[in-house]
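One structure is given here, and the rest of the page talks about it.
Chains as they are written, first to last, in full-length UniProt numbering: chain G, 1 to 337; chain V, 1 to 238; chain W, 1 to 209.
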């Protein structure tokens with residue numbers, strides 16, 4: 001029997017579907033397309049929240065608020081979470097808000113350490129004075145609860161083994177009392193723990209950057225104001241990237257390439273502890289830093305291709321299914337006669 | 001030599017990634033090797049890092065410090081924690097594995113007790129509160145917004161007036177749907193079933209769209225590694 | 001029901017459960033709560049052993065029972081040992097061969113494998129969407145439409161912006177209502193389970209006899 005057109009469509013082999021997906025993702029990549037995206041209210045809320053902490057700190061120099069940044073994601077979701085981390089950290093360092101960082105599981109630690117120091121280096125942030133990496137907060141429940149009073153006895157030392165009581169930043173910031181915001185960038189249900197322990201018990205404000213998988217789950221909490229804004233998936237990251245880029249252009253006001261290559265040129269780098277980062281920028285590193293500034297937006301162009309591709313696939317699948325059904329109904333009716 | 005040292009490990013990463021993708025064509029020996037390598041490396045990493053990040057800094061060092069500070073009772077309490085934790089090792093043998101019930105019982109019990117009130121606040125009371133008042137403190141069933149719409153009939157004003165009531169109705173009927181999903185002839189329950197399903201289908205559809213986006217992002221990330229990081233590295237090193 | 005194997009663990013659950021509940025409610029016990037948190041960290045730290053134990057047991061069994069697949073179990077064990085040694089001696093070191101090995105194995109073996117295996121889902125979801133996402137009833141058609149609109153709306157620009165606005169509405173009105181109903185249900189369910197645990201009614205987490 002001759003195959004009908006819909007049979008051909010419905011029987012396309014998996015490898016061909018996969019090959020199509022590969023092509024639509026890779027081509028925009030190789031063509032170096034970069035996509036501007038519209039900015040949603042929930043991303044703007046998060047941006048404005050961090051701006052409000054900056055404004056508060058400007059007015060109250062002696063009682064500044066800090067941000068606790070939780071690296072709640074592991075290696076498997078770095079493509080979605082990394083661009084969020086980069087742009088939010090850049091925002092925090094640009095606004096010189098004191099920053100505390102922790103990670104709840106062991107595999108997240110190395111991810112957190114490299115990303116934190118990478119961005120700190122771009123803004124000449126000093127470890128212990130501008131930011132601290134506390135290290136592992138496992139089990140996270142215990143750490144969230146103890147931050148209600150003082151988290152230092154639980155940590156004993158920071159990630160690098162420095163005594164927590166000897167770090168200048170931690171003499172001021174060790175509980176929710178002077179944390180303006182908790183930012184959780186995540187691929188897990190960690191924000192729900194933050195809700196239960198930090199928000200419900202201590203009225204701590206929380207902002208979330210999540211993989212798109214969990215975003216729908218978190219919408220009720222954004223809408224109720226329990227989360228102060230949310231970055232949802234790669235698009236959320238791309239939106240934040242745009243907002244921070246505008247801010248960075250305003251504050252730094254010169255070409256990023258020039259800014260980075262001049263950053264450590266005329267200062268005495270012997271005072272900077274090289275344990276955290278090497279205080280100089282090579283040409284290759286500058287290029288990577290510039291690429292990083294548009295990582296999410298470059299991804300969005302491939303994302304566009306993939307979404308259109310799948311919508312077309314679904315459409316063809318349904319058309320084939322519809323005509324096949326129609327045909328088989330017709331045959332049954334004829335046979336019945 | 002310099003070329004090899006900078007390119008060697010990233011190339012291993014690319015080869016491993018491609019090996020994993022070979023599974024898409026069909027299951028094969030190389031994919032299985034990569035899969036088992038991954039399991040081994042993950043567990044090895046967990047063992048090493050648990051020692052470095054938990055056992056030493058959270059148990060050994062605090063016990064030593066508390067002893068030297070003269071806080072014997074506290075040190076002793078931490079040691080009891082350590083001993084109870086070691087009961088997990090009983091899992092290696094079928095005969096002794098019941099010992100691991102002790103640490104499990106304690107942790108599950110403690111956090112179950114601790115989390116009752118926080119769960120009530122964050123999942124139930126604040127969510128109900130938000131169904132009555134929005135974060136700005138205005139009522140969700142704000143009929144004045146309809147007056148605004150009638151005096152200035154635009155789409156935006158219509159949506160503004162409708163959104164609050166739509167959420168309130170949606171939450172109520174979805175709750176009714178879940179709590180009375182068994183066969184029930186009550187008029188309200190019967191008639192609210194279809195609209196509840198409409199809400200749920202729209203919600204799940206949205207969730208599917210987001211999930212699809214997330215999965216594609218992961219693949220884009222890997223392609224980014226191969227086509228921009230790795231190829232860039234090769235170009236620069238050559 | 002034996003005392004040591006079942007009754008005593010159950011008593012531990014009840015005692016610590018009630019302790020947790022009281023520590024949460026009574027602020028006067030704050031300093032004890034801090035100590036208790038420190039204690040729980042240690043207990044949790046050892047829980048990792050469970051994963052290691054079940055994996056080792058599984059592969060030992062496989063080596064014994066399936067000789068043709070033995071090679072994979074050897075690969076698992078040898079990579080486990082190499083990574084464990086590299087992490088044990090290299091994680092805290094700042095230089096040296098173990099540190100270099102640890103860093104490279106983490107960055108170029110562990111991370112890419114984890115990310116790539118997870119990214120296979122991109123292909124599966126595409127193929128599943130093509131084969132299974134069918135408009136067979138009016139409710140599934142609705143799901144299909146919502147999914148399609150959101151997919152388009154999340155990458156919208158220029159003339160497609162109408163989908164962007166529709167997406168924002170779908171996510172902030174029907175999705176919020178549906179998910180909120182589900183979340184309230186989950187919250188009540190979690191509370192009920194917690195109460196059952198601390199009263200000793202729910203015992204399944206202790207395993208069989």
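Glycine included, every Cβ here is placed at the ideal spot set by N, Cα and C.
The region 197 to 204 of chain V makes contact with the region 169 to 179 of chain W, as at least three CB pairs between them are under 8 Å. At a cut-off of 8 Å between C-beta atoms, residue 37 of chain V does not count as an interface residue with respect to chain G. Look at residue 68 of chain G: its C-beta is not under 8 Å from any C-beta on chain V. Contact with chain G is absent for residue 156 of chain V, since none of that chain's Cβ atoms lies less than 8 Å from the residue's Cβ.
Between the alpha carbons of residue 24 of chain G and residue 152 of chain W lies a distance of about 15 Å. Within the DSSP secondary-structure output, residue 110 of chain G pairs in no beta bridge. 8 Å or more divides the Cβ of residue 294 of chain G from the Cβ of residue 122 of chain G.
Boundaries of the alpha helix (DSSP H) harbouring residue 259 of chain G: 256 to 263, taken from the DSSP string. Classified as buried, residue 164 of chain G has 16 or more neighbouring CB atoms from the shown chains inside 10 Å of its CB.
With respect to chain W, the C-beta atom of residue 318 of chain G has a partner C-beta closer than 8 Å. Residue 101 of chain W has its alpha-carbon roughly 25 Å from the corresponding atom of residue 281 of chain G. Your pair residue 239 of chain G and residue 37 of chain G checks out as a contact, with CB atoms roughly 6 Å apart and the cut at 8 Å.
In this structure, the alpha-carbon of residue 156 of chain W lies about 7 Å from that of residue 163 of chain W. Among the CB atoms of chain W, none fall inside 8 Å of the CB of residue 26 of chain V. Under the 10 Å beta carbon count, residue 110 of chain V is surrounded by 16 or more other beta carbons and is classified as buried. Annotated three-state conformation of residue 227 of chain G is strand, per DSSP.
Of all alpha-carbon atoms in W:123, W:39, W:106 and W:149, the one lying nearest the alpha-carbon of residue 58 of chain V is that of W:39. Annotation: Cβ neighbours of residue 310 of chain G in chain W (cutoff 8 Å, chain order): 126, 129, 130 and 151. Between residue 189 of chain V and chain W, the shortest Cβ-Cβ separation is not below 8 Å. If you look at residue 56 of chain V, you'll find it isn't in any alpha helix (DSSP H); DSSP assigns it neither H nor E. For residue 57 of chain G, the nearest beta carbon of chain V is not closer than 8 Å to its own beta carbon.
One thing to note: residue 34 of chain W has its Cβ within 8 Å of the Cβ of residue 153 of chain G.
In the DSSP assignment, residue 131 of chain G falls within the beta strand (DSSP E) that extends over 131 to 136. For the region 196 to 215 of chain V, the beta-carbon criterion of a distance under 9 Å to any beta-carbon of chain W is satisfied by 196, 197, 198, 199, 200, 201, 202, 203, 204, 205, 206, 207, 208, 209, 210, 211, 212, 213, 214 and 215. Closest option to residue 207 of chain W, judged by alpha-carbon separation, among V:151, V:104 and V:213: V:104. With a contact defined as Cβ atoms closer than 8 Å, residue 145 of chain G and residue 92 of chain G miss out at about 25 Å. Take residue 290 of chain G, set aside five residues on each side of it, and the residues of its chain with a beta-carbon closer than 7 Å to its own are 256 and 257, in chain order. The way I'd put it, the region 164 to 177 of chain G does touch the region 123 to 133 of chain G; three or more beta-carbon pairs between them come closer than 8 Å.
With a cutoff of 8 Å on beta-carbon distance, residue 198 of chain G and residue 185 of chain G are scored as not near each other. Excluding sequence positions up to five before and after residue 323 of chain G, its CB lies within less than 6 Å of the CB of 6, all in the same chain and listed in chain order. The alpha-carbon of residue 204 of chain W is positioned some 46 Å away from that of residue 9 of chain V. Ranked by Cα distance from residue 66 of chain V, the first of V:172, V:78 and V:145 is V:78.
According to the DSSP assignment, residue 148 of chain V belongs to no beta strand (DSSP E) but to the alpha helix (DSSP H) extending over 144 to 151. Rounded to whole angstroms, the separation of the alpha carbons of residue 42 of chain V and residue 126 of chain W is 28 Å. Here DSSP, grouped into helix, strand and coil, assigns residue 77 of chain G to helix. Ranked by how close their Cα comes to the Cα of residue 167 of chain V, the residues V:156, V:139, V:191 and V:207 have V:139 in first place.
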